[in-house]
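One line per chain: the protein sequences are W and D, in this order. Taking numbering that gives the first Met the number 0, the leading residue of the first sequence gets 0, the next gets one more, and so forth. Taking numbering that gives the first Met the number 0, the leading residue of the second sequence gets 0, the next gets one more, and so forth. Just below is one structure, and these are the notes that go with it.
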Amino acid sequence: MALEPGASEGNIIVLVKPTPDINKVRFDVERGRIDRSSAELEINPFDLYALELATRLREILGGRVIAVSMAPPHAEKALRDAIARGADRAILLSDKRFAGADTLATSYTLAMAIRKLGGFRLVLSGEKSVDGDTGQVGPEVAEHLNIPHASFVHRVVDVDEDSITVESDFGDGYYLVRLRFPALLSVSRPLTFRGESLEPRIPKLSDVLRSRRARIEVWSADDVPGIDFRRIGLTGSPTRVVKAFYALEEGRRPVVYKDPEAAVEEIIKVLRSRKLLR
Amino acid sequence: MERRHVLVYVENINGRLNTSSFELLTKAREVADAFSGRVYSVLLSAGDDPFREAREVIARGSDVAIVYRVERELLPNYLLHAEALTSAIRRTRPALVLVSATPWGRSLAPRVAARLGVGLTADCLDVYVDESGEIVQVRPAFTGNIIAHIKTSSSPVMATIRPGVFSPPKPDYSRSGEVILADEPLTPPEGLEVVGLSRERSVRLSEASVIVAVGRGLRRREDVALFEELAKILGGEVAVSKPLVDSGWFEKERQVGFSGNIVRPRVYLAFGISGAPQHIAGMRDSEFVISVNIDPSAPMARHSDIFVVGDMYEIAQKLVNRLKAFKSYESRN
Ligand SMILES: Cc1cc2nc3c(=O)[nH]c(=O)nc-3n(C[C@H](O)[C@H](O)[C@H](O)COP(=O)(O)OP(=O)(O)OC[C@H]3O[C@@H](n4cnc5c(N)ncnc54)[C@H](O)[C@@H]3O)c2cc1C
Ligand SMILES: Nc1ncnc2c1ncn2[C@@H]1O[C@H](COP(=O)(O)O)[C@@H](O)[C@H]1O
Numbered sequence: 000m001a002l003e004p005g006a007s008e009g010n011i012i013v014l015v016k017p018t019p020d021i022n023k024v025r026f027d028v029e030r031g032r033i034d035r036s037s038a039e040l041e042i043n044p045f046d047l048y049a050l051e052l053a054t055r056l057r058e059i060l061g062g063r064v065i066a067v068s069m070a071p072p073h074a075e076k077a078l079r080d081a082i083a084r085g086a087d088r089a090i091l092l093s094d095k096r097f098a099g100a101d102t103l104a105t106s107y108t109l110a111m112a113i114r115k116l117g118g119f120r121l122v123l124s125g126e127k128s129v130d131g132d133t134g135q136v137g138p139e140v141a142e143h144l145n146i147p148h149a150s151f152v153h154r155v156v157d158v159d160e161d162s163i164t165v166e167s168d169f170g171d172g173y174y175l176v177r178l179r180f181p182a183l184l185s186v187s188r189p190l191t192f193r194g195e196s197l198e199p200r201i202p203k204l205s206d207v208l209r210s211r212r213a214r215i216e217v218w219s220a221d222d223v224p225g226i227d228f229r230r231i232g233l234t235g236s237p238t239r240v241v242k243a244f245y246a247l248e249e250g251r252r253p254v255v256y257k258d259p260e261a262a263v264e265e266i267i268k269v270l271r272s273r274k275l276l277r
Numbered sequence: 000m001e002r003r004h005v006l007v008y009v010e011n012i013n014g015r016l017n018t019s020s021f022e023l024l025t026k027a028r029e030v031a032d033a034f035s036g037r038v039y040s041v042l043l044s045a046g047d048d049p050f051r052e053a054r055e056v057i058a059r060g061s062d063v064a065i066v067y068r069v070e071r072e073l074l075p076n077y078l079l080h081a082e083a084l085t086s087a088i089r090r091t092r093p094a095l096v097l098v099s100a101t102p103w104g105r106s107l108a109p110r111v112a113a114r115l116g117v118g119l120t121a122d123c124l125d126v127y128v129d130e131s132g133e134i135v136q137v138r139p140a141f142t143g144n145i146i147a148h149i150k151t152s153s154s155p156v157m158a159t160i161r162p163g164v165f166s167p168p169k170p171d172y173s174r175s176g177e178v179i180l181a182d183e184p185l186t187p188p189e190g191l192e193v194v195g196l197s198r199e200r201s202v203r204l205s206e207a208s209v210i211v212a213v214g215r216g217l218r219r220r221e222d223v224a225l226f227e228e229l230a231k232i233l234g235g236e237v238a239v240s241k242p243l244v245d246s247g248w249f250e251k252e253r254q255v256g257f258s259g260n261i262v263r264p265r266v267y268l269a270f271g272i273s274g275a276p277q278h279i280a281g282m283r284d285s286e287f288v289i290s291v292n293i294d295p296s297a298p299m300a301r302h303s304d305i306f307v308v309g310d311m312y313e314i315a316q317k318l319v320n321r322l323k324a325f326k327s328y329e330s331r332n
């Protein structure tokens with residue numbers, strides 16, 4: 000995919016996923032999917048960090064912070080929250096044809112929307128979503144846009160006109176990575192920006208009121224030029240849940256101790272029988 | 000059934016092959032045998048002797064090792080590894096591609112899947128071939144509350160596998176296999192420079208056999224000394240729940256849970272942890288769970304084999320005293 004070269008006033012795109020509160024939502028075990036009508040949608044907790052980082056980077060790089068979501072219409076409230084938290088613009092990709100998307104179709108749709116938005120410098124995503132829980136959408140979007148990415152970013156060390164230097168968790172250690180714009184970062188927590196620890200802001204009342212009047216741009220598939228309808232939604236999703244069940248159903252059956260002495264004796268017995276006392 | 004092959008991506012960031020990649024070879028062998036196919040491994044090598052790494056993966060069950068040679072300083076460039084994996088997939092046309100769900104693997108595999116336009120299943124606990132000869136992937140979803148069985152209609156089927164769920168095969172250095180030194184040069188992708196290692200990981204909870212985890216029941220940062228002592232006696236590591244990281248008391252590396260580390264020690268001792276689903280998501284596969292909580296109704300009980308209703312300080316102190324006595328008794332005999 001050809002991209003517009005990173006214009007000096009490039010925007011910062013934040014991928015914000017409206018997710019249900021996992022402690023409240025129901026899972027449709029029959030159909031193997033989340034019953035999204037069962038709970039209110041809020042911004043995925045990890046994405047709040049991406050949003051906070053975006054507003055900091057805007058102070059240095061300029062440009063506008065644009066929140067982009069693909070979600071059902073009632074996610075509008077989550078996008079208002081993104082505005083209250085500092086986004087200049089919010090776009091909700093909402094269309095029945097987008098429904099049932101896996102990470103491949105989701106990332107393709109988001110990437111096509113980003114292309115429509117044009118000249119951007121950075122795309123920020125969260126490390127993972129609380130419902131999908133894959134962490135794949137960020138790097139997949141980067142691939143569709145043919146730009147470099149860094150995942151599990153814990154520190155933004157430095158940034159200038161042309162590049163950003165971050166610390167990324169590779170698993171065996173943290174590595175320093177320099178990315179030339181345009182690029183995508185998938186951010187983790189804790190997150191520091193030039194040594195300062197970032198926490199999502201609590202929107203001020205005035206910001207909340209302002210966000211209520213803000214316009215949330217809703218795009219259907221027809222509003223995304225060049226989109227290939229075979230690559231979106233259920234049709235564009237090669238992975239299918241064939242069955243699903245609750246993992247928590249089978250808890251353990253604890254032996255309960257109230258007497259400290261007896262408890263300690265039993266614990267020692269267990270440790271010894273498992274050969275953990277040398 | 001038609002012969003179908005399995006390709007394993009073997010992680011090599013710093014010149015040492017990641018042992019979690021070997022675990023994949025156990026599974027790969029099983030699936031390849033079901034299809035009467037071969038197990039391919041693909042890896043990058045920056046050493047003088049690329050056959051050394053190839054021998055390792057062959058000893059652990061690969062039939063063919065495909066080795067891409069790169070300059071030492073390019074080894075930690077994940078986009079280069081993505082190139083190599085893509086080209087190995089095109090070359091071997093496998094039915095299944097396995098990548099370890101380490102942070103590195105979870106960064107690289109999605110790029111490859113998107114490039115090939117195929118599905119990718121994240122952080123799987125298992126992969127099997129069903130009665131109809133189709134590959135099924137098993138993964139927790141929804142912060143671990145749901146277990147889903149997933150099929151992929153695109154080819155190859157790609158999955159990242161959670162480290163630690165399969166045991167690595169015992170190496171058999173007498174096993175023979177084919178080594179292919181890939182000749183196509185890998186071009187470093189534009190716009191990315193991996194400057195180098197900036198911080199080592201200070202703890203590796205995923206490898207600990209005993210974990211002493213403390214939660215918000217801990218009243219002051221200094222109090223952790225008691226639990227550290229207990230962990231030390233047991234040859235284990237101290238871990239914490241998320242609020243203790245959020246408050247700045249501990250490094251994220253010590254956090255267990257959905258947004259921290261997934262652990263499966265032989266014994267998990269939880270002190271003053273309530274047992275929120277996000278915490279359970281990180282420790283539910285522990286072999287044996289002991290927890291101490293003053294609240295008899297704490298949800299942690301449902302996830303414990305031994306549940307002690309009591310003060311975490313008192314129990315920990317008693318354990319330390321008893322274990323010390325036990326140890327000195329042992330050393331005298
Ligand atoms: C998106 C998301 C991701 C999250 N990820 C994680 C994660 O990765 N890991 C994680 O841990 N949490 C995570 N959480 C937070 C999680 O929901 C809980 O808030 C957290 O696990 C609670 O930690 P806790 O059990 O230490 O504290 P609390 O829930 O406050 O429990 C403290 C417990 O200590 C007991 N106690 C107090 N004093 C004593 C004493 N003297 N002796 C014995 N018992 C005592 C109390 O009875 C209580 O049960 C996440 C939350 C969200 C929303
Ligand atoms: N439907 C979506 N709309 C916008 N952003 C998304 C969407 N799905 C995933 N993302 C982004 O990708 C990240 C990883 O999500 P996931 O791959 O679902 O774990 C999230 O933290 C978001 O930043």
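Even glycine gets a Cβ: it sits at the ideal position worked out from N, Cα and C. All of these numbers come straight from a predicted model, not from anything done at the bench.
*Spatial neighbours of D171 of chain D in its chain, beta-carbon cut-off 6 Å, leaving aside the 5 residues before and after*: Position 172 of the second sequence, counted from the start, is the residue given in the question as residue 171 of chain D. Cβ neighbours of D171 of chain D beyond the five flanking positions: A58.
*Is N43 of chain W helix, strand or coil when you go by DSSP?*
Position 44 of the first sequence, counted from the start, is the residue given in the question as residue 43 of chain W. Coil.
_According to DSSP, is Q135 of chain W part of a helix, a strand, or is it coil?_
As a first step, residue 135 of chain W must be located in the first sequence, where it is residue number 136. Looking at Q135 of chain W - three-state DSSP - the assignment turns out to be coil, as it is neither helix nor strand.
*Can at least three beta-carbon pairs, one atom from the stretch 54-70 of chain D and one from the stretch 260-272 of chain W, be found at a separation below 8 Å?*
no
*Can you check the stretch 179-254 of chain D for any beta strand (DSSP E) of at least 3 residues that lies completely inside it and give the ranges in chain order?*
191-199, 209-213, 236-239
_Check: E199 of chain D C-beta below 8 Å from any heavy atom of ligand 2_ = Counted from its first residue, the second sequence places residue 199 of chain D at position 200. Checking every heavy atom of ligand 2 against the Cβ of E199 of chain D, none is found closer than 8 Å.
*Just tell me which of W:D258, W:V64, W:L52, W:F228 has its CA closest to the CA of L190 of chain W.*
For the purposes of this step, residue 190 of chain W is identified with residue 191 of the first sequence, where counting begins at 1. With distances taken between Cα atoms, L190 of chain W lies closest to W:L52.
*To the nearest angstrom, how far is it from the Cα of F165 of chain D to the Cα of R263 of chain D?*
On the second sequence, residue 165 of chain D is found 166 positions in, with the first residue counted as 1. On the second sequence, residue 263 of chain D is found 264 positions in, with the first residue counted as 1. Near 12 Å, if we compare the C-alpha coordinates of R263 of chain D and F165 of chain D.
*M0 of chain W at chain D interface by Cβ criterion, 9 Å*: Your numbering for residue 0 of chain W matches position 1 in the first sequence. Per-residue confidence for M0 of chain W stands at a pLDDT of 39, beneath the threshold of 50, marking its modelled position as unreliable; no derived number is given.
*Nearest CA to the CA of S152 of chain D: which residue from D:G214, D:A94, D:L204?*
Position 153 of the second sequence holds residue 152 of chain D. Taking only the C-alpha atoms, the option nearest S152 of chain D is D:A94.
_So, under 8 Å CB-CB, L123 of chain W and V13 of chain W are touching, yes? Tell me the CB distance rounded to an integer number of Å._
By one-based count along the first sequence, residue 123 of chain W stands at place 124. By one-based count along the first sequence, residue 13 of chain W stands at place 14. About 5 Å separates the two Cβ atoms, so the contact holds.
*Once you ignore the five residues that flank V319 of chain D on each side, which residues in its own chain have a CB closer than 6 Å to its CB?*
Within the second sequence, residue 319 of chain D is the residue found at index 320, counting from 1. So the qualifying residues of the chain are E228, L229.
*Collapsed DSSP secondary structure at P102 of chain D in the structure displayed*: Within the second sequence, numbered from 1, the residue matching residue 102 of chain D stands at position 103. In the structure shown, P102 of chain D sits in a helix (DSSP, three-state: H, G or I).
*Could you name the residues of the same chain whose beta carbon sits closer than 6 Å to that of D62 of chain D, not counting the 5 residues immediately before and after it, in chain order?*
Within the second sequence, numbered from 1, the residue matching residue 62 of chain D stands at position 63. Excluding positions up to five away in sequence, the list reads R37, V38, G176.
*asked:* Just to confirm before moving on: does the CB-CB distance between L197 of chain W and F325 of chain D stay below 9 Å?
replied: Here residue 197 of chain W refers to the residue found at position 198 of the first sequence. Here residue 325 of chain D refers to the residue found at position 326 of the second sequence. For L197 of chain W and F325 of chain D, no; Cβs fall outside 9 Å.
*asked:* I'd like the ranges of any beta strand (DSSP E) spanning at least 3 consecutive residues and lying wholly in the stretch 162-214 of chain W.
replied: 162-168, 172-179, 182-192, 195-197
*Relative to ligand 1, is the shortest distance from any of its heavy atoms to the C-beta of N292 of chain D smaller than 8 Å?*
The residue labelled residue 292 of chain D in the question sits at position 293 within the second sequence. Within the cutoff, so yes.
*Heavy atom of ligand 2 within 8 Å of V202 of chain D beta-carbon*: As a working note, residue 202 of chain D is residue 203 in the second sequence. No, since every heavy atom of ligand 2 falls outside the 8 Å radius drawn around the Cβ of V202 of chain D.
*What runs of the beta strand (DSSP E), each 3 residues or longer, lie entirely inside the stretch 260-323 of chain D?*
266-270, 287-292, 305-308
_Whether E236 of chain D touches V266 of chain D by CB criterion (9 Å)_ = Within the second sequence, the letter at position 237 stands for residue 236 of chain D. Within the second sequence, the letter at position 267 stands for residue 266 of chain D. Their beta carbons are not under 9 Å apart, which means E236 of chain D does not touch V266 of chain D by this criterion.
*What residues from the stretch 79-109 of chain D come within 7 Å of chain W, judged by C-beta to C-beta, listed N to C?*
T101, P102, W103, R105, S106, P109
*Per DSSP, which one or two residues make a beta bridge with I160 of chain D?*
Taking the first residue of the second sequence as position 1, residue 160 of chain D is located at position 161. I160 of chain D is bridged to D:S99, D:C123.
*Report all residues for which the CB-ligand distance to some heavy atom of ligand 2 is below 7 Å; order them along the chain.*
W:L14, W:V15, W:K16, W:N43, W:F45, W:D46, W:A49, W:V67, W:S68, W:M69, W:A70, W:T102, W:T105, W:L109, W:S124, W:G125, W:E126, W:K127, W:S128, W:G131, W:D132, W:T133, W:G134, W:Q135, W:V136, W:G137, W:S185
*Determine the direct distance from the alpha carbon of R71 of chain D to that of L107 of chain D, and round the result to whole angstroms.*
One-based indexing of the second sequence puts residue 107 of chain D at position 108. One-based indexing of the second sequence puts residue 71 of chain D at position 72. Between L107 of chain D and R71 of chain D, the C-alpha separation is close to 19 Å.
*Under three-state DSSP, which class holds M0 of chain W?*
For the purposes of this step, residue 0 of chain W is taken as residue 1 along the first sequence, with counting starting at 1. Caution is warranted here: a pLDDT of 39 is assigned to M0 of chain W, below 50, making its placement in the model unreliable, and the coordinate value is therefore given only provisionally. It is coil, neither helix nor strand.
*Do you know how far the Cα of L73 of chain D is from the Cα of E3 of chain W?*
Looking up residue 3 of chain W in the first sequence gives position 4. Looking up residue 73 of chain D in the second sequence gives position 74. Legend: pLDDT at E3 of chain W = 44, less than 50; position of this residue unreliable, no value from coordinates given.
*Consult DSSP for S154 of chain D and reduce its assignment to one of helix, strand or coil.*
In the second sequence, residue 154 of chain D corresponds to position 155, counting from 1. Residue state, collapsed to three classes: coil.
*Taking buried to mean at least 16 other C-beta atoms within 10 Å of its own C-beta, is K241 of chain D buried or exposed?*
Position 242 of the second sequence, counted from the start, is the residue given in the question as residue 241 of chain D. K241 of chain D should be labelled buried.
*Heavy atom of ligand 1 within 8 Å of L335 of chain D beta-carbon*: There is no way to answer for residue 335 of chain D, as the model of chain D reaches only from 0 to 332.
*P170 of chain D (DSSP reduced to helix, strand or coil)*: The count along the second sequence starts at 1 and reaches residue 170 of chain D at position 171. Note: P170 of chain D maps to coil in three-state DSSP.
*Close Cβ partners of A31 of chain D (< 7 Å) along its chain, the five nearest in sequence each way excluded*: Your numbering for residue 31 of chain D matches position 32 in the second sequence. If we look at A31 of chain D and ignore the five residues flanking it on each side, its Cβ neighbours are H4, V5, R37, V38.
*Where DSSP assigns a beta bridge to A149 of chain W, which residues make up the other side?*
Sequence index remark: in the first sequence, residue 149 of chain W carries index 150 (1-based). W:L184.
*For the 8 Å Cβ check, are there 3 or more pairs between the stretch 87-102 of chain D and the stretch 105-120 of chain W?*
no
_Run through chain W and tell me which residues come within less than 7 Å of R321 of chain D, C-beta to C-beta._
In the second sequence, the residue the question calls residue 321 of chain D occupies position 322. Per Cβ cutoff of 7 Å: V263, I267.
*Do the stretch 271-286 of chain D and the stretch 216-226 of chain W meet, that is, are 3 or more Cβ pairs less than 8 Å apart?*
no
*Which class does F228 of chain W belong to by DSSP, given the choice of helix, strand or coil?*
The count along the first sequence starts at 1 and reaches residue 228 of chain W at position 229. It is helical.
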